[in-house]
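Enquirer:
There are 2 protein chains.
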Amino acid sequence: MSDAQAPEKRRAPAKETKNSKEGDERHDAIYRSVSDAIVEQRLKPGSRLREDALADVFGISRTGIRKILQRLALEQLVTLTPRRGASVTRPTADEAKDVFDARQLIECGLMPDVARRMGEKEAAELRDMARQERQALRSGQQSVAIRLSADFHMRLAQLSGNATLAEFVERLCSRSSLILAVYGHPGHLGCESHDHDDLIGYLEAGNGERAKAFMSRHLKAIEASLSMVEEEENVPDLQQIFGG
Amino acid sequence: MSDAQAPEKRRAPAKETKNSKEGDERHDAIYRSVSDAIVEQRLKPGSRLREDALADVFGISRTGIRKILQRLALEQLVTLTPRRGASVTRPTADEAKDVFDARQLIECGLMPDVARRMGEKEAAELRDMARQERQALRSGQQSVAIRLSADFHMRLAQLSGNATLAEFVERLCSRSSLILAVYGHPGHLGCESHDHDDLIGYLEAGNGERAKAFMSRHLKAIEASLSMVEEEENVPDLQQIFGG
DNA sequence: GTTGGAATTACTGTATACAATAAATATCGG
DNA sequence: CCGATATTTATTGTATACAGTAATTCCAAC
Chain A
15 MSDAQAPEKR
25 RAPAKETKNS
35 KEGDERHDAI
45 YRSVSDAIVE
55 QRLKPGSRLR
65 EDALADVFGI
75 SRTGIRKILQ
85 RLALEQLVTL
95 TPRRGASVTR
105 PTADEAKDVF
115 DARQLIECGL
125 MPDVARRMGE
135 KEAAELRDMA
145 RQERQALRSG
155 QQSVAIRLSA
165 DFHMRLAQLS
175 GNATLAEFVE
185 RLCSRSSLIL
195 AVYGHPGHLG
205 CESHDHDDLI
215 GYLEAGNGER
225 AKAFMSRHLK
235 AIEASLSMVE
245 EEENVPDLQQ
255 IFGG
Chain W
15 MSDAQAPEKR
25 RAPAKETKNS
35 KEGDERHDAI
45 YRSVSDAIVE
55 QRLKPGSRLR
65 EDALADVFGI
75 SRTGIRKILQ
85 RLALEQLVTL
95 TPRRGASVTR
105 PTADEAKDVF
115 DARQLIECGL
125 MPDVARRMGE
135 KEAAELRDMA
145 RQERQALRSG
155 QQSVAIRLSA
165 DFHMRLAQLS
175 GNATLAEFVE
185 RLCSRSSLIL
195 AVYGHPGHLG
205 CESHDHDDLI
215 GYLEAGNGER
225 AKAFMSRHLK
235 AIEASLSMVE
245 EEENVPDLQQ
255 IFGG
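First to last, the sequence lines map onto chains A and W.
In this text, residue positions in the first sequence follow our numbering: the first is 15, and each later residue adds one.
In this text, residue positions in the second sequence follow our numbering: the first is 15, and each later residue adds one.
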């Protein structure tokens, strides 16, 4: 992972500040680093994200960290509670339903456009992504597989040519990873191995309607694989006591 | 005595800072204030938003302003260019197309759900909003009318029960206001007066499919009313010179 | 041993100071 | 008088200091 090497506490030498990166890119890299960690479930829902700790790890001040956390909060990957700070969002069952309904509407609606704009190059790229995903899954790298699966859906949306809708899909896929982390069964990954390949086939054949129907079933299958029990990790004893 | 070198560091009237508001709500109020000004086109696309100026106007420091600007940037209402600061976004023709395609897909797709959840109270509320909009239009308050029109579409999406999609629609409507500001004809408002009332009728009757079709036409009509000429306010002389 | 409360601690919220850079302006050479 | 470069200025980027508040710990009393 992105090694924030020895946290040399000396941060003052302004002349040294500039040598490493444009500074702007650095922020983006850190954002992506945190975002990836969440999507890959290395940071689990509910984990607290303290500003000082992150600032130390990445070697920038809290100011920059706050900016990044705020962005993640707007994307609903982290939750910002007023005086408690940031933590990785733990999606509720309602939110999960909303997200999958939204994916149903948008991703399926995009399939005809994607089919229309699908060329050889795009198909090859997608097949490669699907291959990588299968490989990660086979070699037991579940975290990586989850992200690759999300990447696949995101790339698909980008190929529709509508940047705005692609951005929406991006957000929905990120949140889906969080949902899988909370409500998915450990051994059972969201996307079945062959689904993505089949989908590429329909799209490459220019069969938008078929792809649409397939995507609908695909998403339904993922959603159906979730076990929608709100685990109330806090004070569960109380209920047991009252029940008993 | 040696502590005499420590002058009274108090430089800010901290006691007065807190008395007025919770501080958190204040930020939200400022955010809404700026957002409304953009949506109502009192701040025109391209206008620069300097941090100091905003900080002065609202009586908070640049820190808070930056937070708000960043949020607006993520919603694509303002554009943040690296060392140039913030300005009200000027949507391109491509973006405009994307936004209206997205609205076409999402808002129309939501209509059946809205029709299903439509009750007396909701219909009455919508009718009231439509009435206010008509009134604003008649009394020449175009800015207010534009925002009320956007509010109508947003509220409609909320009634679908899907908070995630409602948020997407919210963003799309805000951006649409910007698009109208750039590409719309001055005297010609986006939403025709009677359209919204007609739509409520279909929804109240539970006729989701009819409402869907109507919404589609409604949005198409708005989009068709735009004149999609990219005014390249920058270096236009060059082309004219070379052409002439 | 548990509970209530006070003191401490840890953390976030906000403003400000300072550095860095791009834009605007002035200055000088042609 | 025009063009290129140096200087000044305006404005953003970042770190840090300080304040305020929630969480924790510790202590005493029952």
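Even for Gly, the Cβ is constructed at its ideal location relative to N, Cα and C.
For clarity, every value in this text was computed on a predicted model and none was experimentally measured.
Name, please, each residue of chain A whose Cβ falls closer than 9 angstroms to the Cβ of W:I7.
Expert: Chain W is shown from 15 up to 258; residue 7 of chain W falls before or after that span and cannot be answered.
Enquirer: At a CB-CB cut-off below 8 angstroms, which residues of chain A make contact with W:Q84?
Expert: The residue given as residue 84 of chain W occupies position 70 in the second sequence. Ordered by position in chain A, the residues that pass the 8 angstroms Cβ test against W:Q84 are K81, Q84, R85.
Enquirer: For W:L86, which residues in the same chain have their Cβ closer than 8 angstroms to its Cβ, ignoring the five residues on either side in sequence?
Expert: Here residue 86 of chain W refers to the residue found at position 72 of the second sequence. Taken in chain order, the residues that qualify are Y45, V48, S49, I52, V92, A100.
Enquirer: Can you list the beta strand (DSSP E) stretches of 3 or more residues lying completely in the segment 153–177 of chain W, in chain order?
Expert: none
Enquirer: Does the segment 113–123 of chain A come close enough to the segment 111–127 of chain W that 3 or more CB-CB pairs lie under 8 angstroms?
Expert: yes
Enquirer: Tell me the DSSP secondary structure of W:R185 in three-state form.
Expert: Residue mapping note: residue 185 of chain W aligns to position 171 of the second sequence, counting from 1. Here W:R185 sits in helix by DSSP.
Enquirer: When you compare only the Cα positions, how much space is there between W:K35 and W:G78?
Expert: Residue mapping note: residue 35 of chain W aligns to position 21 of the second sequence, counting from 1. Residue mapping note: residue 78 of chain W aligns to position 64 of the second sequence, counting from 1. Annotation note: pLDDT 47 at W:K35 (below 50); position unreliable, no value reported.
Enquirer: So if I threshold CB-CB distances at 7 angstroms, which residues from the segment 87–99 of chain A count as touching chain W?
Expert: L88, P96
Enquirer: Closest to A:L115 by CA distance: which of W:E218, W:G175, W:A67 is it?
Expert: The residue you call residue 115 of chain A lines up with position 101 of the first sequence. The displayed chain sequence assigns Asp, not Leu, to residue 115 of chain A. A:D115 has its Cα closest to that of W:G175, out of W:E218, W:G175, W:A67.
Enquirer: Please confirm if the segment 154–165 of chain W is in contact with the segment 186–196 of chain W, defined as three or more CB-CB distances below 8 angstroms between the two stretches.
Expert: yes
Enquirer: Within 9 angstroms (strictly less), CB to CB, does A:L186 reach chain W?
Expert: On the first sequence, position 172 is the one that residue 186 of chain A refers to. Interface residue, yes.
Enquirer: Looking at the secondary structure, which residues open and close the beta strand (DSSP E) in which W:G312 lies?
Expert: Since the displayed chain W opens at 15 and closes at 258, residue 312 of chain W lies outside it and no answer follows.
Enquirer: If distances are taken between C-alpha atoms only, which option among W:E109, W:S230, W:A180, W:H208 comes closest to W:Y197?
Expert: To locate residue 197 of chain W, count along the second sequence from 1; it is residue 183. Of the listed residues, the one whose Cα sits closest to W:Y197 is W:E109.
Enquirer: Determine, using beta carbons only, whether A:V113 comes closer than 9 angstroms to chain W.
Expert: Residue numbering aside, residue 113 of chain A sits at position 99 when the first sequence is read from its first letter. At least one C-beta of chain W is nearer than 9 angstroms to the C-beta of A:V113.
Enquirer: Within its chain, find whatever has a CB closer than 7 angstroms to the CB of A:G60; leave out the 5 residues flanking it on each side and keep chain order.
Expert: Residue numbering aside, residue 60 of chain A sits at position 46 when the first sequence is read from its first letter. Result list for A:G60: S101, V102, R104, in chain order.
Enquirer: Reducing DSSP to helix, strand and coil, say where A:T77 ends up.
Expert: As a working mapping, residue 77 of chain A is identified with position 63 in the first sequence. Correct three-state label for A:T77: helix.
Enquirer: Determine the direct distance from the alpha carbon of A:M229 to that of A:D209, and round the result to whole angstroms.
Expert: Position 195 of the first sequence, counting from 1, holds the residue named residue 209 of chain A. Position 215 of the first sequence, counting from 1, holds the residue named residue 229 of chain A. So the two alpha carbons sit approximately 9 angstroms from each other.
Enquirer: Using a Cβ-Cβ cut-off of 7 angstroms (strictly less than) and excluding sequence neighbours within five positions of W:A150, which residues of its own chain qualify?
Expert: On the second sequence, position 136 is the one that residue 150 of chain W refers to. Contacts found: V158, A159, L162.
Enquirer: Out of A:R64, A:R117, A:D112, which one is the CA nearest neighbour of A:L94?
Expert: If you number the first sequence from 1, residue 94 of chain A lands on position 80. The residue with the shortest Cα to Cα distance from A:L94 is A:R64.
Enquirer: With distance defined between alpha-carbon atoms, name the residue in A:L68, A:V113, A:R62 nearest to A:R97.
Expert: Here residue 97 of chain A refers to the residue found at position 83 when the first sequence is read from its first residue. When only C-alpha atoms are compared, the closest one is A:R62.
Enquirer: Please find out if some non-hydrogen atom of the ligand GDP comes closer than 8 angstroms to the beta-carbon of A:H167.
Expert: Judged by which ligands are present, the structure shown has none, so any question about the ligand GDP falls away.
Enquirer: Can you tell me whether A:E22 is buried or exposed? The criterion is at least 16 other CB atoms within 10 Å of its CB, across all chains shown.
Expert: Residue numbering aside, residue 22 of chain A sits at position 8 when the first sequence is read from its first letter. Because the pLDDT of A:E22 is 32, which lies under 50, any placement of that residue in the model is unreliable, and the number read from its coordinates should be weighed accordingly. Counting other Cβ atoms within 10 Å of its Cβ, A:E22 stays below 16 and is therefore classed as exposed.
Enquirer: Assuming A:L179 and A:V128 form a contact by the criterion Cβ under 8 angstroms, report the distance between their Cβ atoms to the nearest whole angstrom.
Expert: Numbered from its first residue, the first sequence carries residue 179 of chain A at position 165. Numbered from its first residue, the first sequence carries residue 128 of chain A at position 114. Not a contact, Cβ separation roughly 11 angstroms.
Enquirer: For chain W, find out if any of its Cβ atoms is closer than 9 angstroms to the Cβ of A:D38; answer yes or no.
Expert: For the purposes of this step, residue 38 of chain A is taken as residue 24 along the first sequence, with counting starting at 1. Yes, its Cβ sits closer than 9 angstroms to a Cβ of chain W.
Enquirer: Taking 9 angstroms as the threshold (C-beta atoms), are A:R117 and A:V183 in contact?
Expert: Taking the first residue of the first sequence as position 1, residue 183 of chain A is located at position 169. Taking the first residue of the first sequence as position 1, residue 117 of chain A is located at position 103. Yes, the Cβ-Cβ distance between A:V183 and A:R117 is below 9 angstroms.
Enquirer: Enumerate, from N- to C-terminal direction, the unbroken beta strand (DSSP E) stretches of 3 or more residues contained entirely within the segment 105–130 of chain W.
Expert: none
Enquirer: Compute the Euclidean distance between the alpha carbons of W:L170 and W:E237, then round it to the nearest angstrom.
Expert: Here residue 170 of chain W refers to the residue found at position 156 when the second sequence is read from its first residue. Here residue 237 of chain W refers to the residue found at position 223 when the second sequence is read from its first residue. If you take the alpha carbons of W:L170 and W:E237, they lie about 19 angstroms apart.
Enquirer: Roughly how far, in whole angstroms, is the beta-carbon of W:R185 from the beta-carbon of W:E89, given that I think they are within contact range, below 8 angstroms?
Expert: As a working mapping, residue 185 of chain W is identified with position 171 in the second sequence. As a working mapping, residue 89 of chain W is identified with position 75 in the second sequence. About 6 angstroms separates the two Cβ atoms, so the contact holds.
Enquirer: Taking any Cβ of chain A, which residues in the segment 150–179 of chain W have a Cβ under 8 angstroms from it, in chain order?
Expert: N176, A177, T178, L179
Enquirer: Using alpha carbons as the reference points, say which of W:V113, W:G133, W:R152, W:R40 lies closest to W:G215.
Expert: On the second sequence, position 201 is the one that residue 215 of chain W refers to. Comparing Cα-Cα distances from W:G215 to each of W:V113, W:G133, W:R152, W:R40, the minimum goes to W:G133.
Enquirer: Use the C-beta contact count for A:Q19: other C-beta atoms within 10 angstroms, 16 or more gives buried, fewer gives exposed.
Expert: Numbered from 1 along the first sequence, position 5 holds the residue referred to as residue 19 of chain A. In this prediction, A:Q19 has a pLDDT of 32, which is less than 50 and means its spatial position is unreliable; nothing more can be read from the coordinates.
Enquirer: Would W:D108 count as contacting chain A if we go by Cβ distances under 9 angstroms?
Expert: Along the second sequence, one-based indexing puts residue 108 of chain W at 94. Closer than 9 angstroms to some Cβ of chain A, the Cβ of W:D108 qualifies, so yes.
Enquirer: Would you mind sorting A:M143 into buried or exposed? The rule is 16 or more other CB atoms within 10 Å of its CB.
Expert: To locate residue 143 of chain A, count along the first sequence from 1; it is residue 129. Buried.
Enquirer: I'd like to know whether the C-beta atoms of W:A137 and W:E223 end up nearer to each other than 9 angstroms.
Expert: Residue 137 of chain W sits at position 123 when you count from the first residue of the second sequence. Residue 223 of chain W sits at position 209 when you count from the first residue of the second sequence. No; because the gap between Cβ atoms is not below 9 angstroms, this pair is not in contact.
Enquirer: Let's test the definition: count the other Cβ atoms within 10 Å of the Cβ of A:H232 and tell me whether it reaches 16, buried, or not, exposed.
Expert: Translated into positions along the first sequence, residue 232 of chain A becomes position 218. With 16 or more Cβ atoms within 10 Å of its Cβ, A:H232 is classed as buried.
Enquirer: Classify W:V243 as helix, strand or coil using the three-state DSSP reduction.
Expert: Numbered from 1 along the second sequence, position 229 holds the residue referred to as residue 243 of chain W. Residue state, collapsed to three classes: coil.
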